[in-house]
Every structure is written in C-alpha cells, then in structure tokens.
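Mind the numbering: the sequence shown is residues -17 to -1, 1 to 237 in mature numbering (1 follows the signal peptide of the UniProt record, and there is no 0), read in order. Don't be surprised by glycine CBs; every beta carbon is placed ideally from N, CA and C. If you're wondering where the values come from, they're calculated on a predicted model, not measured in any experiment. Take a look at the structure below.
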Amino acid sequence: MRRLLVFCFLLPCWLSARELVIGGIQEPPLKWLDAQGHPRGLDVDLVTAIFGTLHTPIRIELIDSGARLTRNAESGFYDLLLAHSYKPEREAYLLYPKQAHMLHSWHFFIRKESAGRIHYDHLTDLKPWRIGVTRDFSYTPELAAAMTDPNYHFQEIPINQLQLRKLIAGRIDVVPMSLVTAFTQIREEGLEGKLDYLPKPLKTSPYFNVWTRSRADADTPALMAAYDAELLHMKRDGRLKALYDKYGIPYIEP
C-alpha cells in the first residue's frame, strides 16, 4: 500500500504535460457553454479538478452533435470525451478507465395528457407510438434491435436537446431521456406540468470520461491510472458529492 501511495504521489511529476483536448456534447447541468462561451457544469468541474491535481493542462470543447463528436474522436481531434456509457463497439475507438463518475437512470418521457394511455412494461408496449431517439446515443441492445424493426415507429435526430420540444409539439409520443438531463431542461425552459415519465426505467448505466485510441500514447496508461486514483479519492473524501450538490443533482455513488 505504501508503495502505491508513493507511486501516485510521484506520478504527476513525470506525466506528460501535453495539453489534452476534451470533447463533449452540451447537456446542462453536466456540461454547457455560458454566455461568454466558457465551458461550465459538473463534468467540466470534475475533469478540471482531476487534471489540475495531475498537473495536466486541458482544453474543453462542447458541441451539439453526437455524430460529429464521434467522428472527431475517431479522426484524432480529441484526447478524451466527457460522459460516455459503455458500449462494446465503442472499444474500437475508446479506452475506458476503471472509475465511473455518474449513474444515469433513463426513462421514457411522455406528454402529461398521455399519462394512463401509454404504458411501458416491455418494449413491445411502445410499438403503436412514435419514439424519438438521438443519433449515436447508447440506449440498450433491445432498443437498438427494435430500431431495425419496421413494426416500430422511430424518429432519429442528431441533437438531444430538441427531443422534449418535439414531444411537446406532438411530433413524437415518447422519448428516452436521462432524468438529470430531462429535468434540467424542463426547469430551464419552463416546461413544468407539460411532461411526465413512465415509472419503469429503460436502463441505469454508469458513465465514464473516456480516452480516444486515436490520440493515446505511451503515457496514456499511467495517466488513466492516476485519473482513476484521484476520482476514487474524490468519492471517498466527499468532493464528488459536493460537485453534485453544487449543481442540485441527486448523488448516487457510481
């Protein structure tokens, strides 16, 4: 144990100080651009704290398109991506650390007037309804398979923040969203009382800040190990929970 502590203490001294470019999708309160164009949010504060401790400079770029984020990651534009769930096919271009920083619970959202008419116990219950999905989002294998079934009615768009607006406008009937993301948007856009969600979760998944294979180098394994050690330290000493409290997000330790 003493040897491990000494290793972690010395690690920042010899890790590469190369600036890391970190990409993400705008998703308040987790990550967004303020009026001056500066990145804000829980995910932003977290990586700023961790890489600050590791004396590793970072630059965060937030965009609106998941498809463009994936292309940029595959082409070597980013060193890391913020807040990704695990998906086997993503291992072709991503490297996952051991420590997750968040658990997301996903539910199907509906219009308030649809409560009692739309039910979800099995995915087949949603066959009659128009289902909104976001391109390049990782849902579940069952939902991915259903998207190839012509008996379902899926509508795919590239920008997740448009989903609740489409739902309220009556262009779709249900949409899977994380509770954190959906309720933040509902509060910020004054949509209270217009939407509801079905009680059974579609999934509950851990989320990771991930490295891209296209920009990985000889220092990457050591940097990932140092990241894991510092994130675990933040879980144990309460700093991670404090970030959740700062943004009004219920804390469930991942």
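Taking the Cβ atoms as the reference, L223 lies roughly 7 Å from H84, within the contact range of under 8 Å. Looking only at W15, E96, A(-1), the smallest Cα-Cα distance to E171 is reached by W15.
At the C-beta level, I93 and T117 stay beyond 8 Å of one another. P40 is not a Cβ neighbour of G24, given a cutoff of 8 Å.
By the criterion of at least three beta-carbon pairs nearer than 8 Å, the region 207 to 216 is in contact with the region 28 to 39. Taking C-beta separations shorter than 7 Å and ignoring five residues to either side along the sequence, the partners of D108 in its chain run H102, following chain order. One alpha carbon belongs to T187, the other to R1, and they sit about 35 Å apart. Between L147 and A165, the gap from beta carbon to beta carbon is short of 8 Å.
In this model, E74 and I8 are separated by some 19 Å (Cα to Cα). The continuous stretches of beta strand (DSSP E) do not include Q146, which lies in the alpha helix (DSSP H) extending over residues 146 to 151.
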